[in-house]
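For the sequence shown, the UniProt record's numbering assigns the number 1 to the initial residue and increments by one for each residue that follows. Using N, Cα and C, we set each Cβ at its ideal position, and we do this for glycine too. Heads up, the thing below is written out as structure tokens.
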Amino acid sequence: MKIRCQITFLIGDDGLVLWKLNRLKVLVSYFRSVVTFRNITARSGCSTDRVLEMMSLRGKPNQLCQLWIDGLDAELACMVLTDFISEHFYMVEASQRSRHQLSELRHPALTLPFDFDYRYIFYADMETRDKGGLLAYLSRVFQFSDRKAMAIFRALDEREAISSTYIHHGIAFPHVMSHLVEIPSLAVVRLSHPVDWQSVRGAVDLVIALFLPASPDMDMIRAVTWLSRSLLDDSFCQALLRTKEAGALQAILYHTLASELS
1 MKIRCQITFL IGDDGLVLWK LNRLKVLVSY FRSVVTFRNI TARSGCSTDR
51 VLEMMSLRGK PNQLCQLWID GLDAELACMV LTDFISEHFY MVEASQRSRH
101 QLSELRHPAL TLPFDFDYRY IFYADMETRD KGGLLAYLSR VFQFSDRKAM
151 AIFRALDERE AISSTYIHHG IAFPHVMSHL VEIPSLAVVR LSHPVDWQSV
201 RGAVDLVIAL FLPASPDMDM IRAVTWLSRS LLDDSFCQAL LRTKEAGALQ
251 AILYHTLASE LS
């Protein structure tokens, strides 16, 4: 069975310099796993053995990237490559726990200029197997009062009645704008089993629920507009679905929200 690992990091001030990419190629050659470089910001990628192609992928400082490692020795490769990435780039998170893991996302490329509430949930409780039950669960995630939670659930349900918020690739993006919401909030729920989202395109494995105040400021609007557009991009969705580490997933979403505000 093929093992999957990934390393999430930011490009430093010197960008993607040739000697670092050559060194990365040499390290990768010690393993049988296939290692792919992905520039999440630029929506591009290639194999790490193609150094010149990596150089051409518009790698700039503060762009968010990943190494995707696939193979029987992926865990060992991830351990070795994590040390290299931590030494030469700004480390966010890796599949293999490391002394280099960050406890917080403090980098300017991962921060927002407004208050923002974020929750990540691995939803393994299959007592709720349907869309309505999951929407009801989402309406309570941010500890709204019972009255507010019920109103927010109704707003989510009414939005779904207009058209399904299924995006594609098994991702749904329910969202609501309400005077009951004081702080913009994002809840990410990874499902242990697919849930029928009442869409002809299939069930969902990942739900990204957005809650906005009734009168969001311009920065909020720009940030969430770019996130919604990004969710239409195949490579972006692929990165979200592949990334299982909570910190790395948060970094991808925060970086996407922040990228239009820099």
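Kindly indicate which residue of F153, R4, W226 and G71 has the alpha-carbon position closest to the one of F31.
The option with the nearest alpha carbon to F31 is G71.
Between the alpha carbons of E245 and A239, how many angstroms are there, rounded?
Cα to Cα, the separation comes out at about 11 Å.
Please state the DSSP three-state secondary structure of I167.
I167 falls in the coil class under three-state DSSP.
Between the beta-carbon of H255 and the beta-carbon of L64, is there less than 8 Å?
It is a contact, given that the beta carbons lie within the stated cut-off.
Please go through the same chain and pick out, in chain order, the residues whose beta-carbon is closer than 7 Å to the beta-carbon of H100, but skip the five residues on each side of it.
Residue placement at H100 cannot be trusted, given a pLDDT of 48 that sits under 50; what the coordinates show is reported in the next sentence. Closer than 7 Å at Cβ, skipping near neighbours: T82, S86 and M91.
With distance defined between alpha-carbon atoms, name the residue in D49, S47 and G59 nearest to T41.
For T41, the nearest C-alpha among the options comes from G59.
Could you name the residues of the same chain whose beta carbon sits closer than 8 Å to that of K25, not counting the 5 residues immediately before and after it, in chain order?
Same-chain partners within the cutoff: T48, D49 and V51.
Answer with buried or exposed for S103, where buried requires no fewer than 16 other C-beta atoms within 10 angstroms of its C-beta.
Confidence is the limiting factor: at S103 the pLDDT is only 47, short of 50, which leaves the residue's position unreliable, though a coordinate-based value still follows. That one is exposed.
Pick helix, strand or coil for I11, following the three-state DSSP scheme.
The answer is coil: DSSP assigns I11 none of H, G, I, E or B.
Checking contacts by CB at 8 Å: is L257 closer than that to chain B?
Absent from the structure: chain B. Only one protein chain is present.
Helix, strand or coil: which one does DSSP assign to Y118?
The answer is strand: DSSP assigns Y118 an E or B state.
Per the DSSP calculation, Q6 is bridged to which residue(s)?
Answer is W68.
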